[in-house]
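Here is the structure we will look at.
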Amino acid sequence: MTIDELVRRTMREWAGEAHTPEDLAARVLAGRRRRRVRRAGAALAGAVAAAVAVAAVAVATPVLTGPERGSDRSAATADPTTRAGTTEVRARPGSSPPDGLIAAGRVAVYAYYVWRQKGDDPGNGVTRTWYLYDPAEDAYDKTPWATLDVAPGGRQAAVVEAYPASRVGLLTVETGEIRWVEVGQAVGAVRWSPDGTRLLATTYRRDPDGGYESPLEERRPARTGFALIDPAAGTSHRVALEPAADERNTRSDLDWSRDGTLVREHGSRFDTPYRFYDLDGKQVAAPPDESVAGSLEAGLSPSGELLAVHPRAAGPVETARPVETPPTAVPTSAEEQAVAAVRDLRTGEVTTYTPVSGYHIEQLLTWADDGHLVAWACEYAGGRKVCEGGEFRNRLVLLGADGREAIPLSGYREHSQRSGSWEPLFTPR
Amino acid sequence: MDAAAERRFREFVSARSPALMRLAYLLTGGDQHAAEDLLQAALTQTVAKWRTVESPEAYVRQVMYRQQVSWWRLARTRRETAMAEPPETAGPDATAGADLKIVVRRALARLTAKQRAVLVLRYFEDLPESEVAAVLGCSVGNVRSTAHRSLARLRELAPELSRLEEPGAPATILGEVQT
Numbered sequence: 001m002t003i004d005e006l007v008r009r010t011m012r013e014w015a016g017e018a019h020t021p022e023d024l025a026a027r028v029l030a031g032r033r034r035r036r037v038r039r040a041g042a043a044l045a046g047a048v049a050a051a052v053a054v055a056a057v058a059v060a061t062p063v064l065t066g067p068e069r070g071s072d073r074s075a076a077t078a079d080p081t082t083r084a085g086t087t088e089v090r091a092r093p094g095s096s097p098p099d100g101l102i103a104a105g106r107v108a109v110y111a112y113y114v115w116r117q118k119g120d121d122p123g124n125g126v127t128r129t130w131y132l133y134d135p136a137e138d139a140y141d142k143t144p145w146a147t148l149d150v151a152p153g154g155r156q157a158a159v160v161e162a163y164p165a166s167r168v169g170l171l172t173v174e175t176g177e178i179r180w181v182e183v184g185q186a187v188g189a190v191r192w193s194p195d196g197t198r199l200l201a202t203t204y205r206r207d208p209d210g211g212y213e214s215p216l217e218e219r220r221p222a223r224t225g226f227a228l229i230d231p232a233a234g235t236s237h238r239v240a241l242e243p244a245a246d247e248r249n250t251r252s253d254l255d256w257s258r259d260g261t262l263v264r265e266h267g268s269r270f271d272t273p274y275r276f277y278d279l280d281g282k283q284v285a286a287p288p289d290e291s292v293a294g295s296l297e298a299g300l301s302p303s304g305e306l307l308a309v310h311p312r313a314a315g316p317v318e319t320a321r322p323v324e325t326p327p328t329a330v331p332t333s334a335e336e337q338a339v340a341a342v343r344d345l346r347t348g349e350v351t352t353y354t355p356v357s358g359y360h361i362e363q364l365l366t367w368a369d370d371g372h373l374v375a376w377a378c379e380y381a382g383g384r385k386v387c388e389g390g391e392f393r394n395r396l397v398l399l400g401a402d403g404r405e406a407i408p409l410s411g412y413r414e415h416s417q418r419s420g421s422w423e424p425l426f427t428p429r
Numbered sequence: 001m002d003a004a005a006e007r008r009f010r011e012f013v014s015a016r017s018p019a020l021m022r023l024a025y026l027l028t029g030g031d032q033h034a035a036e037d038l039l040q041a042a043l044t045q046t047v048a049k050w051r052t053v054e055s056p057e058a059y060v061r062q063v064m065y066r067q068q069v070s071w072w073r074l075a076r077t078r079r080e081t082a083m084a085e086p087p088e089t090a091g092p093d094a095t096a097g098a099d100l101k102i103v104v105r106r107a108l109a110r111l112t113a114k115q116r117a118v119l120v121l122r123y124f125e126d127l128p129e130s131e132v133a134a135v136l137g138c139s140v141g142n143v144r145s146t147a148h149r150s151l152a153r154l155r156e157l158a159p160e161l162s163r164l165e166e167p168g169a170p171a172t173i174l175g176e177v178q179t
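Residue numbers (full-length UniProt numbering), protein chains in the order written: chain A, 1 to 429; chain B, 1 to 179.
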């Protein structure tokens with residue numbers, strides 16, 4: 001057989017494995033109708049999208065206290081086995097999405113998802129394909145789940161089937177065995193408690209990834225509340241909790257507070273990053289260690305002494321201070337361009353992340369330990385052009401909190417905002 | 001779009017979507033989700049021009065090819081790594097027929113979208129170079145060089161294919177493509 005015969009035969013056989021969706025024409029025609037209806041609201045939606053984009057940029061960067069010597073480059077290419085309790089750095093700087101485990105300090109990427117826009121219109125929603133880490137193969141396996149969360153340690157995952165599935169599966173990663181717990185309402189997201197003993201499922205009346213059914217101003221909140229699941233007993237208990245009236249996103253997932261005693265949701269304002277509820281759904285004051293106005297996604301370090309903040313929202317923790325109005329001129333100095341910082345809550349000292357090891361630090365995602373953060377970073381270019389290839393071409397880095405060094409953990413995403421990009425899920429190791 | 005046009009569109013999709021899906025599946029390297037997205041996006045473009053498109057199937061195919069190649073231009077390195085199955089080193093029996101086809105699949109999935117598109121047009125659609133060029137909107141020379149590079153890359157990714165070059169097999173890959 002010649003190579004072209006082989007390629008020809010392979011293609012014919014392979015193509016036969018494609019599954020043809022039955023509702024393709026309906027999907028296309030429905031999308032067409034929705035777009036027509038939506039045109040009237042497009043200007044408003046565009047304005048909101050622009051505002052969100054500005055906020056996303058505004059929310060990005062502190063610099064700080066460098067990595068300790070333990071996380072040097074040689075450690076970053078360690079052997080492919082995972083050991084329980086380890087804090088070694090595992091990096092895949094050449095692959096995006098990762099083709100083997102990424103981990104540093106107390107956190108690991110046991111799962112990630114690739115999102116794709118449905119059709120050619122952002123309003124059609126997205127599909128997410130989840131990949132789960134298989135320690136036996138040191139590789140991520142494609143899963144059929146609509147969403148999932150990995151329990152601390154990576155040995156168990158909570159999985160949810162395509163919307164409107166109303167049950168949560170408890171998957172033992174090693175064996176593939178699944179035990180189901182009925183929730184009684186469609187589940188759109190699930191989160192393990194910090195101690196790995198309970199699950200919080202966010203319930204929805206509409207597919208949270210299903211796109212917009214109506215113009216922005218007419219949208220009803222999709223979320224209905226949450227369910228608390230006791231995995232050991234196999235029981236669940238539902239609580240109603242609709243999102244705030246100003247919530248415009250179709251997805252508004254709930255999460256646990258740091259200590260796992262409360263439920264929290266993302267606030268819609270920069271100075272109130274989260275709102276908190278007790279387990280009966282009643283709003284309560286933010287716990288002292290979470291009333292951190294202006295903080296970034298990574299929040300407080302494990303010791304509670306360092307806080308990830310925006311460099312220009314660096315006031316006292318207790319005082320919610322609005323972010324400064326973005327300057328109208330394009331920022332060109334490294335200081336002006338910095339969007340991430342860390343504040344030492346003991347001394348008030350702020351370390352702003354101007355380029356570190358050639359990386360512009362864009363988003364502080366999580367703390368690897370008290371001296372290191374995991375961040376999205378792009379390749380710093382300087383001048384009016386912040387990054388080579390644009391701010392959306394970025395990779396995961398391990399950043400020393402002292403801002404002295406950043407080492408790559410993943411390859412570059414070519415464009416984080418485009419269909420086909422991936423997002424990591426961080427889980428305690 | 002009136003009711004009659006909508007009915008014709010539904011009939012067209014119903015009749016032709018299995019074939020179009022097979023094509024989309026190959027173009028996306030065996031990624032069912034991406035293939036559905038690709039086909040749906042192409043059908044959405046087609047329905048918008050339904051009244052003026054003479055040959056809807058040819059139009060959908062062309063949109064898919066060009067879409068795939070333009071996505072590739074935007075995200076070439078990502079496309080090369082975003083595959084459904086991680087590549088593995090083939091075992092000792094990889095030259096057995098079935099195993100070799102698996103090896104080829106994995107290698108095809110790792111090509112860039114443009115490399116894969118050219119091979120799909122040449123080997124799955126059996127189009128001559130001039131028509132491949134017309135579909136992709138590029139020159140014949142470009143098609144020829146891409147096909148050459150695609151097969152070379154395929155061999156790099158699947159060293160097992162070198163066994164095909166024993167006596168009796170074509171002298172050069174390029175010669176195969178240029179016929």
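Ideal Cβ placement from N, Cα and C applies to all residues, glycine included. Note that the structure is a prediction, hence the values are computed from the model and not measured.
Check: Selection from A:ASP195, A:SER193, A:VAL187 that minimises the alpha carbon distance to ARG206 (chain A); Outcome: A:VAL187
Check: Cross-chain neighbours of residue 430 (chain A) in chain B, by beta carbon under 8 Å; Outcome: Nothing can be reported for residue 430 (chain A), as the shown portion of chain A is limited to 1 through 429.
Check: Endpoints, beta strand (DSSP E) assigned at GLN117 (chain A); Outcome: 107-117
Check: Beta-carbon spacing of THR366 (chain A), TYR110 (chain A) below 8 Å; Outcome: no
Check: 8 Å Cβ cutoff, GLY91 (chain B) in contact with chain A; Outcome: Since pLDDT at GLY91 (chain B) reaches only 40, below the 50 mark, its modelled position is unreliable, and no value is offered.
Check: Neighbouring residues, chain A, relative to LEU43 (chain B) (Cβ below 7 Å); Outcome: LEU24, VAL28
Check: Cβ pair count under 8 Å reaching 3, the region 183-200 of chain A against the region 242-257 of chain A; Outcome: yes
Check: 8 Å Cβ cutoff, GLU54 (chain B) in contact with chain A; Outcome: no
Check: Nearest to GLY267 (chain A) (by Cα), restricted to the options A:GLY260, A:ASP120, A:PHE276; Outcome: A:PHE276
Check: Residue-level contact to chain A via CB, LEU111 (chain B), 8 Å cutoff; Outcome: no
Check: Stretch-stretch touch, CB-based, cutoff 8 Å, three pairs: the region 18-27 of chain B with the region 135-142 of chain A; Outcome: no
Check: Contact check, ALA341 (chain A) vs TYR359 (chain A), beta carbons under 8 Å; Outcome: no
Check: Beta-carbon proximity check, ARG395 (chain A) vs TYR412 (chain A), cutoff 8 Å; Outcome: yes
Check: C-beta neighbour in chain B for ARG9 (chain A), strict 8 Å; Outcome: yes
Check: Host beta strand (DSSP E) of PHE12 (chain B) (start-end); Outcome: Segment 3-27 is the alpha helix (DSSP H) holding PHE12 (chain B); no beta strand (DSSP E) there.
Check: Paired residues, beta bridge with GLU297 (chain A) - DSSP; Outcome: DSSP lists no partner for GLU297 (chain A).
Check: Whole-Å CB distance - LEU161 (chain B) paired with ILE3 (chain A), under 8 Å assumed; Outcome: 6 Å
Check: Other residues of its chain near VAL386 (chain A): CB distance less than 6 Å, five sequence neighbours each side excluded; Outcome: GLN337, HIS360
Check: Cβ pair TYR113 (chain A), ARG92 (chain A) closer than 8 Å; Outcome: no
Check: Within chain B, the residues that ARG116 (chain A) reaches when beta carbons sit closer than 8 Å; Outcome: HIS33, ALA34, ASP37
Check: Contacts of PRO21 (chain A) in chain B (Cβ-Cβ under 7 Å); Outcome: GLU36
Check: ALA133 (chain B) in three-state terms, based on DSSP; Outcome: helix
Check: Residues near ARG83 (chain A) in its chain [Cβ-Cβ closer than 6 Å; skip 5 each side]; Outcome: Caution is warranted here: a pLDDT of 41 is assigned to ARG83 (chain A), below 50, making its placement in the model unreliable, and no coordinate value can be reported.
Check: Contacts of GLY125 (chain A) in chain B (Cβ-Cβ under 8 Å); Outcome: None at all; the shortest Cβ gap to chain B is about 12 Å.
Check: Closest residue to ALA157 (chain A) among A:LEU279, A:PRO208, A:TRP180 (Cα-Cα distance); Outcome: A:TRP180
Check: Proximity winner among A:ARG9, A:ASN249, A:ALA15, A:ALA25, relative to PHE12 (chain B) (alpha-carbon distances); Outcome: A:ALA25
Check: Cα-Cα separation between GLY400 (chain A) and ALA286 (chain A), rounded to whole angstroms; Outcome: 29 Å
Check: For TYR59 (chain B), three-class secondary structure by DSSP; Outcome: helix
Check: Contacts that TRP14 (chain A) makes with chain B (C-beta to C-beta distance below 7 Å); Outcome: LEU26, GLY30, ARG105
Check: Exposure of HIS19 (chain A), with buried meaning 16 or more beta-carbon neighbours within 10 Å; Outcome: exposed
Check: Under 8 Å by beta carbon: chain A residues contacting SER145 (chain B); Outcome: Correct list: empty, because the minimum Cβ distance to chain A is about 17 Å.
Check: Contact check, VAL104 (chain B) vs THR10 (chain A), beta carbons under 8 Å; Outcome: yes
Check: Inter-residue Cα distance where the pair is ASP289 (chain A) and GLY304 (chain A); Outcome: 7 Å
Check: Contacts of ARG10 (chain B) in chain A (Cβ-Cβ under 9 Å); Outcome: ALA25, ALA26, LEU29
Check: Euclidean distance between Cα positions of GLU36 (chain B) and TYR25 (chain B); Outcome: 8 Å
Check: Cross-strand partners of PHE124 (chain B) (DSSP beta bridge); Outcome: Looking at the DSSP assignment, PHE124 (chain B) forms no beta bridge with any residue, so it has no partner.
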